[in-house]
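K.L.:
Just so it is clear: in the sequence shown, position 335 is 334 by numbering that gives the first Met the number 0, and no numbers are missing. Each residue gets a CB set at the ideal place from its N, CA and C atoms; glycine is no exception. What follows is a single structure, and I will ask about it in a moment.
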Amino acid sequence: MEMSLDELLTVKVQTVTSAAKYPQPTALAPASVTIVTDRDIQLNGYRNLAEVLGSVRGFYTTYDRNYHYLGIRGFNRPGDYNSRVLLLIDGHRVNDVVFDGAPIGNDGYLDVDLIDRIEVVRGPGSAIYGSSALFGVVNVITRRGRDLNGAEAAFTAGALDTYQGRFSFGRQLTNGVEFLLSGTVRETDGQPRLNFPGAGTAVGLDGESGRSLFGKLGFAGLELSGGFETRTKQISTASYGTDFNTPGTATRDDRGFADLKYARRWEEPGVDLLARVYYDYDRYRGTYIYSGVRNVDPAQGQRWGAEVQVSKELWERHKFSAGLDFRRSFEIKQENYTETPFASHLSDERQTTVVSPYLTSEWALRTNLHFHAGARLDYYDQNTHSANPRLGLVWQPVSATVLKALYGTAFRAPNAYELYYTDGYVTQKPAVNLRPETVDTYELVWEQALGRRWQFSASGYFYRIDDAIQQDPDPADVRGLLVYRNTGRNTGRGLETELAYKADNGFRSRLSYALQDTEDRATGTTLSNSPRHLARWHNTMPLYLDKVFLSTEVAFTSHVQTTPATASRVGEYWLLNSTLYTRELARGWSASVSVYNLLDRRYGHPVGDEIRWGQIQQDGRSFQFKLSLRF
Numbered sequence: 000m001e002m003s004l005d006e007l008l009t010v011k012v013q014t015v016t017s018a019a020k021y022p023q024p025t026a027l028a029p030a031s032v033t034i035v036t037d038r039d040i041q042l043n044g045y046r047n048l049a050e051v052l053g054s055v056r057g058f059y060t061t062y063d064r065n066y067h068y069l070g071i072r073g074f075n076r077p078g079d080y081n082s083r084v085l086l087l088i089d090g091h092r093v094n095d096v097v098f099d100g101a102p103i104g105n106d107g108y109l110d111v112d113l114i115d116r117i118e119v120v121r122g123p124g125s126a127i128y129g130s131s132a133l134f135g136v137v138n139v140i141t142r143r144g145r146d147l148n149g150a151e152a153a154f155t156a157g158a159l160d161t162y163q164g165r166f167s168f169g170r171q172l173t174n175g176v177e178f179l180l181s182g183t184v185r186e187t188d189g190q191p192r193l194n195f196p197g198a199g200t201a202v203g204l205d206g207e208s209g210r211s212l213f214g215k216l217g218f219a220g221l222e223l224s225g226g227f228e229t230r231t232k233q234i235s236t237a238s239y240g241t242d243f244n245t246p247g248t249a250t251r252d253d254r255g256f257a258d259l260k261y262a263r264r265w266e267e268p269g270v271d272l273l274a275r276v277y278y279d280y281d282r283y284r285g286t287y288i289y290s291g292v293r294n295v296d297p298a299q300g301q302r303w304g305a306e307v308q309v310s311k312e313l314w315e316r317h318k319f320s321a322g323l324d325f326r327r328s329f330e331i332k333q334e335n336y337t338e339t340p341f342a343s344h345l346s347d348e349r350q351t352t353v354v355s356p357y358l359t360s361e362w363a364l365r366t367n368l369h370f371h372a373g374a375r376l377d378y379y380d381q382n383t384h385s386a387n388p389r390l391g392l393v394w395q396p397v398s399a400t401v402l403k404a405l406y407g408t409a410f411r412a413p414n415a416y417e418l419y420y421t422d423g424y425v426t427q428k429p430a431v432n433l434r435p436e437t438v439d440t441y442e443l444v445w446e447q448a449l450g451r452r453w454q455f456s457a458s459g460y461f462y463r464i465d466d467a468i469q470q471d472p473d474p475a476d477v478r479g480l481l482v483y484r485n486t487g488r489n490t491g492r493g494l495e496t497e498l499a500y501k502a503d504n505g506f507r508s509r510l511s512y513a514l515q516d517t518e519d520r521a522t523g524t525t526l527s528n529s530p531r532h533l534a535r536w537h538n539t540m541p542l543y544l545d546k547v548f549l550s551t552e553v554a555f556t557s558h559v560q561t562t563p564a565t566a567s568r569v570g571e572y573w574l575l576n577s578t579l580y581t582r583e584l585a586r587g588w589s590a591s592v593s594v595y596n597l598l599d600r601r602y603g604h605p606v607g608d609e610i611r612w613g614q615i616q617q618d619g620r621s622f623q624f625k626l627s628l629r630f
């Protein structure tokens, strides 16, 4: 289908930086890409990053009443702590030091009001990012000082005695200096009563509190950014065999980072430079009650790193990039002890270093045919290394049609928790000789513009995972202790489709469907927590000019299996969410009212083997009221 000249002139070209670490049109990126904007977040009343990502085609999330977990293309093994997707904030790696997990729930750095856009890049990303980018890269791009040019305050109140407040201030000065500073406070009592089959009811044990701070300062291509977050969550699920319905079992997460980045482009030689140096700090403290005795489970990690990348336009049709990434985790500490009487069960300290050169190349074989190639080699100081290539062919036969053929590999190195953790051999023991897990992925993508208002996309993929690291009861252990092993040999195949419509008056609609088929090659069975069908339908309707909107979201998730330890089925469910959003009805004021699970459906999510019920009930109908003021 060919678009007219008038239609081409009205089409806004989206760009993405996360697919190749430099800006390029999404149509030319060697990946299937989704961009979620700040407007999408506001109109739909999303409360955290997990809710945003759960709305993206082919993505789904679960919640065990402590942390949120992200599934991509049918893969979301309970207990993996989001270590198979790489999370970035403005290009800075956020996956933590000890668990290599991506914080996507209320344990994350960012209030969603600070997000400018989210770049979701599907498929293996190790060719430029290294470990953890097995199924995709999520880069959260934050707002700038110029986006506020003043102060902004927001207050949120919702069901379950949930309250949140935020104050932000940002500005771009006449001399070019730009800054933003924002702080958020959040409190909730959570569900007052949670029922667990065969055990009874946990009362008043679902509360949560959190604080976060984020800031950035920039001038002439130099940008300093950083954040801090602390969050405490009560545990009601009696995980790891703790006392049921007993106060005191809880987790606390503290994390912080600082990132100094310099970016510059020299137009005449066509050279781009990106350099950064950074520091990360993570601290976790779990408190568990066993027969009235307190067990403490702390972990702490610190790292610093540096990266430099140079991109050069060679001739007229070739862009070449070379980079070097260095990461030094100089503190990886895990402990476990009983307080009274004191008894130490684990005291483990490690350090690791990773050095990673990488290359990418983009050739315009013809004006409408682009070839992408890239590779990265990760050297670990534990005598481990991994080489990962990426190939892509992007063809635009006519102006409205883009076809992509993609191949890539990725890996995930075992993290310190999987390698060395034990709680004193009460429920878990250390692993032995873990190897990196690997994935090979093949994908075909079709993107089709249907005039200037309609957009259609479809992706077909196949992946093969070897040496997948998963936690299971050890069959050789008479106590059945949990242990991480390279026992997974999995395959996945599927189809993702999406049809989107945007009208000039602000009406928009997006319908997506994902068909997912995963298999454990050893048993021939479907993987746990792998729904075969995912469907999402989003609609936004303007009610009054460009100021009042009503958005609805319908989400369907088909049934899944729990882990083999519990071997039960979690039923399918439909959810309906709705948000009424107003902006600038009065000078500087915006407000929204959201209702989640509007039909009050009862449903559950599968959980890891540390929770003996196999699945955990989720929230019924709830609401949120939000008021914000810019001044």
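1) Using 8 Å for Cβ pairs, my map puts E442 next to S458. What's the rounded Cβ distance?
2) Buried or exposed: which applies to Q470, given that a residue is buried once 16 or more other Cβ atoms fall within 10 Å of its Cβ?
3) Three Cβ pairs or more, each shorter than 8 Å: is that satisfied between the stretch 423-437 and the stretch 62-72?
4) For E50, which three-state DSSP category applies?
5) Does the distance from the C-beta atom of R192 to that of G209 stay below 8 Å?
6) Is DSSP giving Y239 helix, strand or coil here?
7) Out of curiosity, what's the CA-to-CA distance linking S557 and R535?
8) In terms of residue numbering, what span does the beta strand (DSSP E) encompassing I288 cover?
9) Going by alpha carbons, who is nearest to A152 out of N174, L180, T161, L133?
10) Out of curiosity, what's the CA-to-CA distance linking R145 and L172?
11) Taking the alpha-carbon positions, what's the R375 to V397 distance?
12) Note down, one range per segment and in chain order, each beta strand (DSSP E) of at least 3 residues found wholly within the stretch 551-581.
13) Could you check if D95 is buried or exposed, using at least 16 other CB atoms within 10 Å of its CB as the buried criterion?
14) My understanding is that R275 touches A305, with C-beta atoms under 8 Å, so please give their C-beta distance in whole angstroms.
15) Span of the alpha helix (DSSP H) holding D146?
16) Along the beta strand (DSSP E) that carries R492, what are the first and last residues, could you check?
17) Leaving aside the five residues before and after L628 along the sequence, list all residues of the same chain whose C-beta is less than 6 Å from its C-beta, in chain order.
18) What is the DSSP secondary structure of A126, counted as helix, strand or coil?
19) Do K625 and L584 have their C-beta atoms within less than 8 Å of each other?
20) Measure the beta-carbon distance from V120 to V136 and round it to whole angstroms, keeping in mind my assumption that it falls under 8 Å.
21) Quick test of your reading: H537 and S508, contact by CB under 8 Å. State the CB separation rounded to the nearest angstrom.
22) Determine whether the beta carbon atoms of L85 and G53 lie at a separation below 8 Å.
23) So, is L634 buried or exposed, given that buried needs 16 or more other C-beta atoms within 10 angstroms?
24) Buried or exposed: S382, going by 16 or more other Cβ atoms within 10 Å of its Cβ?
25) Alpha carbon to alpha carbon, how far is S17 from D271? Give it in angstroms, no decimals.
26) What's the C-alpha gap between Q616 and V606?
27) Can you check which of these residues, N528, D608, T539, is closest to G570 by C-alpha distance?
28) Three-state secondary structure (DSSP) at V202?
29) Rounding to the nearest angstrom, what Cα-Cα distance links S130 and A409 in this structure?
30) Is E348 buried or exposed, if buried means 16 or more other CB atoms sit within 10 Å of its CB?
31) Please state whether DSSP places N194 in a helix, a strand or coil.
32) Less than 7 Å between C-beta atoms, sequence neighbours within five positions excluded: which residues of the same chain meet that for T525?
33) Are there three or more Cβ pairs, one per stretch, closer than 8 Å when the stretch 336-343 is compared with the stretch 317-324?
34) CB G502 to CB R488, shorter than 8 Å?
35) So, with DSSP's three-state summary, where would you put I103?
36) Straight-line CA distance for I40 to R251?
P.N.:
For this structure:
1) 6 Å
2) buried
3) no
4) helix
5) no
6) helix
7) 12 Å
8) 270-289
9) L180
10) 9 Å
11) 33 Å
12) none
13) buried
14) 7 Å
15) 144-147
16) 481-501
17) A152, G587, W588
18) helix
19) no
20) 5 Å
21) 7 Å
22) no
23) Residue 634 is absent from the model: the chain starts at 0 and stops at 630.
24) Sequence inspection shows Asn at residue 382; the Ser mentioned does not correspond to that position. Counting Cβ neighbours within 10 Å, N382 comes out exposed, since fewer than 16 surround it.
25) 15 Å
26) 10 Å
27) N528
28) strand
29) 7 Å
30) exposed
31) strand
32) T517, E518, Q560
33) no
34) Reading off the sequence, residue 502 comes out as Ala, not Gly. Taking 8 Å as the Cβ cut-off, A502 and R488 do not qualify as a contacting pair.
35) coil
36) 27 Å
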